[in-house]
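Colleague:
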DNA sequence: TTTTGAGTTGTTCGA
DNA sequence: GTCGAACAACTCAAA
């Protein structure tokens, strides 16, 4: 028996049901296809993600002992490969993006017609999106009851790595030929000192997190100046580690040390949010593209290329926003609370459409994930499921004071402000001339003046929501 | 069927 | 400085 293992967002050996199926049946032919054909143009793999994918594929290729790389349309390439390699079966782990679901069902049906066994498995979620339902049999639209329902089920235990034998047909591309990693310029230079893509790196990150950062997580995860975030999201996105593995390890850590049990619960609920986002995307496939609450179609969004650019480059004049956007640009990630602050600023202070922010995050985040990204942006905008109420408008100055009290985070990413006293680190425009002079800061030269006034922007955002309400009447 | 309680992450104002 | 209320209504989920 020969089985094609179609590798997608499951770049690991352990707890990999498709690999286990293929390995148990005989020889395994592992193939990765770079598919820039079937996803809609806006949602083809983004720039930062490609860097991660390149390194993660290299790690998987090495641990498998070789794999086949192709690029193009899997609807053609998978049946061709099955035929040319004389495979009896094709197996894969499921993806949940709408275009992937459509693509995979076409392939499954086509293979079945030619007598090739095609089977898919769940490797990426604790629960399939269609399995969790409320008492009326409908999908949940509110997180708390959703997660309560999930927690009432046993978390599926992870499976071990099987023994397997790999066969490689001729005709594949070299990984480098997929041109995933940037060159000229190599904007990702140095990222490998921050991140270790691949299964081994993911396992080490989980172990380090549970060991060093879990204690205090429930409160300190909100602090961008500290290091209590798990930083597992890119590993999870590419399936280098599974939520089953994470849930099992986190529960064990919480059970073995009562001081950590609240932290472990909080961490598990973050895994729950990831599940909920996938649940929403599955049941509402337009989530990445359109307001989940159609009333928001009437919101008077602005279009302003200069403001968008200032936000993207971290030049808004609000240090907490700028620090976040620069961290994103330079490292491919941003701490969670800062994501909310920067997103709120784009949507509410600048009144630019959340889609513009979603696009930027898609291209720049190493953990760019269609479900999480879409659900997160719609949550901040207020247009999503179980979303923040519209009048919740983050104040970038008070958020800074609260969550970056010493200004360490701002000083790291906005070094031109480093010599400002803490009192003004989150609002340099409020500092007196002599304070700025002493810190060596000239506003408008070294660091921008605010591109909008907070109080006025807040009023304008609230007025915008009034217009939305009026349109609904 | 109707009712009831509840809903990730905030800010501002005025007492 | 601290605290509670207002900011809106609406929808969801379960009893």
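Residue numbers (the working numbering): 5 to 477. Glycine residues also receive a C-beta, built at the ideal position from the N, C-alpha and C atoms.
Leaving aside the five residues before and after residue 292 along the sequence, list all residues of the same chain whose C-beta is less than 6 Å from its C-beta, in chain order.
Modeller: The residues are 374 and 378.
Colleague: Do the region 383 to 393 and the region 312 to 328 touch if we need at least three Cβ pairs shorter than 8 Å?
Modeller: These segments do not touch.
Colleague: Return the chain-ordered ranges of every beta strand (DSSP E) run that is complete within the region 18 to 86 and spans a minimum of 3 residues.
Modeller: Entirely contained in the region 18 to 86, the beta strand (DSSP E) runs reaching 3 residues are, in chain order, 31 to 38 and 72 to 75.
Colleague: So, with DSSP's three-state summary, where would you put residue 426?
Modeller: DSSP places residue 426 in helix when its eight states are reduced to three.
Colleague: Take residue 304 and list the residues in its own chain whose beta-carbon comes closer than 6 Å to its own, dropping the five residues that flank it on each side.
Modeller: Once the five neighbours on either side are set aside, the close Cβ partners of residue 304 are 468 and 471.
Colleague: What is the residue span of the beta strand (DSSP E) that residue 122 lies within?
Modeller: First-last of the beta strand (DSSP E) with residue 122: 121 to 125.
Colleague: Counting only runs that start and end within the region 313 to 400, where is the beta strand (DSSP E) found for 3 or more residues in a row?
Modeller: Runs of the beta strand (DSSP E) inside the region 313 to 400: none found.
Colleague: Taking the alpha helix (DSSP H) that residue 277 belongs to, which residues open and close that run?
Modeller: First-last of the alpha helix (DSSP H) with residue 277: 265 to 287.
Colleague: Where do the ends of the beta strand (DSSP E) carrying residue 7 lie?
Modeller: First-last of the beta strand (DSSP E) with residue 7: 6 to 11.
Colleague: Taking the alpha-carbon of residue 170 as reference, which of 118, 353, 71 and 283 has the nearest alpha-carbon?
Modeller: The candidate whose alpha carbon is nearest that of residue 170 is 71.
Colleague: Just the Cα atoms here: how many angstroms apart are residue 256 and residue 307?
Modeller: Computed Cα separation, rounded: 49 Å.
Colleague: Would you call the region 221 to 240 and the region 330 to 348 in contact, with 3 or more CB pairs under 8 Å?
Modeller: Enough Cβ pairs lie closer than 8 Å, so yes.
Colleague: Residues in its own chain within less than 8 Å of residue 214 by CB, not counting five upstream and five downstream?
Modeller: Around residue 214: 253, 254 and 257.
Colleague: Please name the residue or residues paired with residue 95 in a DSSP beta bridge.
Modeller: Answer by DSSP bridge pairing, in chain order: 9 and 123.
Colleague: Give the single residue among 346, 284, 360 and 250 whose Cα lies nearest to the Cα of residue 399.
Modeller: Selected option, being the one with the closest Cα: 346.
Colleague: Going by the CB atoms, is the gap between residue 191 and residue 94 shorter than 8 Å?
Modeller: Going by C-beta atoms, residue 94 is not nearer than 8 Å to residue 191.
Colleague: Can the beta-carbon of residue 24 be found less than 8 Å from the beta-carbon of residue 162?
Modeller: Taking 8 Å as the Cβ cut-off, residue 24 and residue 162 do not qualify as a contacting pair.
Colleague: Let's test the definition: count the other Cβ atoms within 10 Å of the Cβ of residue 5 and tell me whether it reaches 16, buried, or not, exposed.
Modeller: Answer is exposed; the Cβ neighbour count stays below 16.
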